[in-house]
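Undergrad: One structure follows; several queries about it will come next.
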Amino acid sequence: MSFTRYATDDSVVSSETVVRGLWSGDYNSLASFFTSSTTPTEYYLDVYDSNTLTNPSASIQYSIQFGNSNGSGSAAINPSVPGYSPSRVVYGQYRNLVYGTETKNFSFDGDATTSNSIYVINVSRARYKESLLPGSFNLSLKGTATSSLSLTDDSTTTNLTRFIGENRYFNIISGSNGAYYTAGTAAINYGLFFPDLDIIVLNANALTSSLGGGYFVTSSLGNSTAFNHRNLFDSINRGNALETGSFTLKSSETISARYFFTRIKNSEYNYTTNPSIIDENGNLLYTTLVNNPQTYITTVGMYNDNNELLAVAKLSKPLVKDFTKEALIRVKLDY
Amino acid sequence: MAILNPTYVTVDAILTTKGRELLARNDGSFQITQFSLADDEIDYTLYNPYHPSGSAYYGEAIEAMPVIEAFPDESQIMRYKLVTLPRGTSRLPVINVGYNSITLRQGASLTITPQTLNYLGATSTFEANGYIVTVSDSRLLSSFAGTGITITTPGITGLNTTSGAVLSSSQVGTSFTITGTTINTLFGSSLSTLTTTLTVIGRDSGARITVPLNIQKVATV
Numbered sequence: 001m002s003f004t005r006y007a008t009d010d011s012v013v014s015s016e017t018v019v020r021g022l023w024s025g026d027y028n029s030l031a032s033f034f035t036s037s038t039t040p041t042e043y044y045l046d047v048y049d050s051n052t053l054t055n056p057s058a059s060i061q062y063s064i065q066f067g068n069s070n071g072s073g074s075a076a077i078n079p080s081v082p083g084y085s086p087s088r089v090v091y092g093q094y095r096n097l098v099y100g101t102e103t104k105n106f107s108f109d110g111d112a113t114t115s116n117s118i119y120v121i122n123v124s125r126a127r128y129k130e131s132l133l134p135g136s137f138n139l140s141l142k143g144t145a146t147s148s149l150s151l152t153d154d155s156t157t158t159n160l161t162r163f164i165g166e167n168r169y170f171n172i173i174s175g176s177n178g179a180y181y182t183a184g185t186a187a188i189n190y191g192l193f194f195p196d197l198d199i200i201v202l203n204a205n206a207l208t209s210s211l212g213g214g215y216f217v218t219s220s221l222g223n224s225t226a227f228n229h230r231n232l233f234d235s236i237n238r239g240n241a242l243e244t245g246s247f248t249l250k251s252s253e254t255i256s257a258r259y260f261f262t263r264i265k266n267s268e269y270n271y272t273t274n275p276s277i278i279d280e281n282g283n284l285l286y287t288t289l290v291n292n293p294q295t296y297i298t299t300v301g302m303y304n305d306n307n308e309l310l311a312v313a314k315l316s317k318p319l320v321k322d323f324t325k326e327a328l329i330r331v332k333l334d335y
Numbered sequence: 001m002a003i004l005n006p007t008y009v010t011v012d013a014i015l016t017t018k019g020r021e022l023l024a025r026n027d028g029s030f031q032i033t034q035f036s037l038a039d040d041e042i043d044y045t046l047y048n049p050y051h052p053s054g055s056a057y058y059g060e061a062i063e064a065m066p067v068i069e070a071f072p073d074e075s076q077i078m079r080y081k082l083v084t085l086p087r088g089t090s091r092l093p094v095i096n097v098g099y100n101s102i103t104l105r106q107g108a109s110l111t112i113t114p115q116t117l118n119y120l121g122a123t124s125t126f127e128a129n130g131y132i133v134t135v136s137d138s139r140l141l142s143s144f145a146g147t148g149i150t151i152t153t154p155g156i157t158g159l160n161t162t163s164g165a166v167l168s169s170s171q172v173g174t175s176f177t178i179t180g181t182t183i184n185t186l187f188g189s190s191l192s193t194l195t196t197t198l199t200v201i202g203r204d205s206g207a208r209i210t211v212p213l214n215i216q217k218v219a220t221v
């Protein structure tokens, strides 16, 4: 006999939440920001962790986009059809994703403020794994010499889980690590943090108001190529110059694993088909192994009813097995 | 009195190529129901019954060795299974298929009937639960069937196909008929023979043998 069936209670499914730093290398703070001059577009601006010209392994960390419900701030896609511009495309794209309707504009402060201009930070798929971790979002922005903002989500200030449609969200407030700077002080909501959509929507009007003074100007001119998304990138860069690594985020991923408890009884698996233990006639090499056979387990193979090998696990070192020993090997299979 | 240490060994498993294939099929065939143990990299000639420090040290060299990581090719791992036999067994079971290697012309068939030597006191016997025969590269066969044992038919993906990955295929039975592929594409322009392996494992004894399987190209099939 060389197979043993698992009993029903020999396996259990468990789900665990794994939290990692969001940025490349599992860092939770991003210390430098680079854009690539080879792919300028009015739709989005990719932000890298290092210089793409000198570091071939530079990878996109997130993208910045600007949207306007009327198409302002970017040139028309077709000059003969005014208003249909990248900014309108972007606004409509996220409005549909969040609200599922074309009749409602983005609103903040619990629907008290609506805005027809938004900035969006869209985290790269390879970075966020499954979702963004509420409470880990910190972003410093700097406008004029005297104006700066530290943004965070308000997840630690509320026990409520808020939803827009089926999308979980938190307000973006002035503070750090998920809390207001001054506890209990109501503040401006600078945007919406969607951990499951992996996007951060910022109210362009609120940012302009707090960071303005000529340093953060959101162009609302129609049919003009303003590259508004560059505003946010420059502001993040200036904020990082004040405090390196000021953009922090973590990812959260639920990993389901199945554990198999492989139970080996004392009378089982004490012989081996390993050819190095027998001579050319099939006799055991050593007479001491006849009555006191000993084997060394290195591998656990997991099979289906058709004896097809589906998964395999290796031990870190050989496990001695003989008629006086029993073993329990817990095998973890991640999905 | 002492407190028993309830430790257990925890290891992470990886899916084999076959496991990934069956998982992707999503037809319920990915169901882990049983396990087996192996000692592929153990060299038992390192076992030293003459160790000067006594029997506790006979396996010293083996027990200190680091084990290599798992790899996903199901035809290359779990080669030497541990088996359960009566205490006092001095000769271990060996599989005999009657061939040291098998060569088939394209389209030709061959039936093999494995036997087990030195098993349960018999010089030669057919195992009650039959044998598992695995061809490492199923593309090289146009048909592959096992008879004599009633079991859910294992997957025969890849038979007589000329593209796709190298996937193994297994059959269970007491007698097996294989037919060489009739498709020429695998030979390319220069090859006259394609080679894979046929592995026979006793379902009761765990004994195993691997023989080379050669498919010879013919001008007209």
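Chains as they are written, first to last, in the working numbering: chain E, 1 to 335; chain D, 1 to 221. The beta-carbon is built from N, C-alpha and C at its ideal position, and this holds for glycine as well.
When you compare the CB of N184(D) with every CB in chain E, is at least one pair closer than 9 Å?
TA: Working through the second sequence from its first residue, we reach residue 184(D) at position 184. So no, N184(D) is outside the interface.
Undergrad: Roughly how far, in whole angstroms, is the beta-carbon of Y269(E) from the beta-carbon of T116(D), given that I think they are within contact range, below 8 Å?
TA: Along the first sequence, read from residue 1 onward, the residue named residue 269(E) stands at position 269. Along the second sequence, read from residue 1 onward, the residue named residue 116(D) stands at position 116. Actually they do not touch by this definition, with Cβ atoms about 18 Å apart.
Undergrad: Output yes if chain E places a C-beta closer than 9 Å to the C-beta of N100(D); else output no.
TA: On the second sequence, residue 100(D) is found 100 positions in, with the first residue counted as 1. Taking Cβ atoms only, chain E never reaches closer than 9 Å to N100(D), which makes this a no.
Undergrad: Below 9 Å between beta carbons: does that hold for T147(D) and I215(D)?
TA: Sequence index remark: in the second sequence, residue 147(D) carries index 147 (1-based). Sequence index remark: in the second sequence, residue 215(D) carries index 215 (1-based). Their beta carbons are not under 9 Å apart, which means T147(D) does not touch I215(D) by this criterion.
Undergrad: Along the segment 1-17 of chain E, what residues have a CB closer than 7 Å to any CB found in chain D?
TA: Under the 7 Å Cβ criterion, the segment 1-17 of chain E contributes M1, S2, F3, T4, R5 and Y6.
Undergrad: Spell out whether any CB of chain D is found under 9 Å from the CB atom of Q294(E).
TA: Counted from its first residue, the first sequence places residue 294(E) at position 294. Q294(E) counts as touching chain D.
Undergrad: Is the beta carbon of I112(D) sitting closer than 9 Å to the one on V94(D)?
TA: In the second sequence, counting from the first residue as 1, residue 112(D) sits at position 112. In the second sequence, counting from the first residue as 1, residue 94(D) sits at position 94. No, these two residues do not count as a Cβ contact at 9 Å.
Undergrad: How would you list, in chain order, the residues of chain D whose beta-carbon sits under 7 Å from the beta-carbon of E268(E)?
TA: Residue mapping note: residue 268(E) aligns to position 268 of the first sequence, counting from 1. Result: T84.
Undergrad: On the DSSP bridge assignment, give the partners of V94(D) in chain order.
TA: Within the second sequence, residue 94(D) is the residue found at index 94, counting from 1. Per DSSP, L117(D).
Undergrad: Start and end of the beta strand (DSSP E) containing L211(E)?
TA: As a position in the first sequence, residue 211(E) is number 211, starting the count at 1. Not the beta strand (DSSP E): L211(E) falls in the alpha helix (DSSP H), residues A204 to L211.
Undergrad: How many angstroms separate the CA atom of T162(D) from the CA atom of L191(D)?
TA: One-based indexing of the second sequence puts residue 162(D) at position 162. One-based indexing of the second sequence puts residue 191(D) at position 191. Any reading at T162(D) must be qualified, since the residue scores a pLDDT of 49, below 50, and its modelled position is unreliable; no value is offered.
Undergrad: Taking 8 Å as the threshold, find out whether the segment 93-108 of chain E comes into contact with the segment 195-212 of chain E through three or more Cβ pairs.
TA: The segment 93-108 of chain E is in contact with the segment 195-212 of chain E.
Undergrad: Can you tell me the Cβ-Cβ gap for N304(E) and S29(D), rounded? I've got them flagged as a contact below 8 Å.
TA: Here the question's residue 304(E) lines up with position 304 in the first sequence. Here the question's residue 29(D) lines up with position 29 in the second sequence. The Cβ separation is near 7 Å, so the contact holds.
Undergrad: Closer than 8 Å between beta carbons: that is the criterion. Which residues of the segment 103-137 of chain D meet it against chain E?
TA: The residues in question are L117, N118 and I132.
Undergrad: Could you name the residues of chain D that S256(E) contacts, counting a contact when the two beta carbons are closer than 8 Å?
TA: Working through the first sequence from its first residue, we reach residue 256(E) at position 256. The premise fails here: S256(E) is roughly 13 Å from chain D at the closest Cβ pair, so nothing lies under 8 Å.
Undergrad: Looking at the C-beta of T298(E), does it have a partner C-beta in chain D at a distance below 9 Å?
TA: Here the question's residue 298(E) lines up with position 298 in the first sequence. Answer yes: the Cβ-Cβ gap between T298(E) and chain D drops below 9 Å somewhere.
Undergrad: Compute the Euclidean distance between the alpha carbons of Q61(E) and D234(E), then round it to the nearest angstrom.
TA: Position 61 of the first sequence, counted from the first residue, corresponds to residue 61(E). Position 234 of the first sequence, counted from the first residue, corresponds to residue 234(E). Computed Cα separation, rounded: 16 Å.
Undergrad: Taking S2(E) as the reference, give the member of N48(D), P49(D), D73(D) and I132(D) with the closest Cα.
TA: Taking the first sequence and counting its residues from 1, one reaches residue 2(E) at position 2. Closest by alpha carbon: I132(D).
Undergrad: Have a look at the DSSP bridge pairing and note the partners of R203(D).
TA: By one-based count along the second sequence, residue 203(D) stands at place 203. R203(D) pairs with nothing; no bridge assigned.
Undergrad: Show which residues of chain D have a CB atom less than 9 Å away from the CB atom of K317(E).
TA: Residue numbering aside, residue 317(E) sits at position 317 when the first sequence is read from its first letter. Residues of chain D passing the Cβ test: E63, A64, M65, P66 and V67.
Undergrad: When you compare only the Cα positions, how much space is there between P56(E) and F34(E)?
TA: Within the first sequence, numbered from 1, the residue matching residue 56(E) stands at position 56. Within the first sequence, numbered from 1, the residue matching residue 34(E) stands at position 34. Whole-angstrom Cα-Cα distance: 13 Å.
Undergrad: If you draw a straight line from the C-alpha of L4(D) to the C-alpha of R125(E), how long is it?
TA: Indexing the second sequence from 1 puts residue 4(D) at position 4. Indexing the first sequence from 1 puts residue 125(E) at position 125. Bear in mind that the predicted position of L4(D) carries a pLDDT of just 37, short of 50, making it too unreliable to give a figure here.
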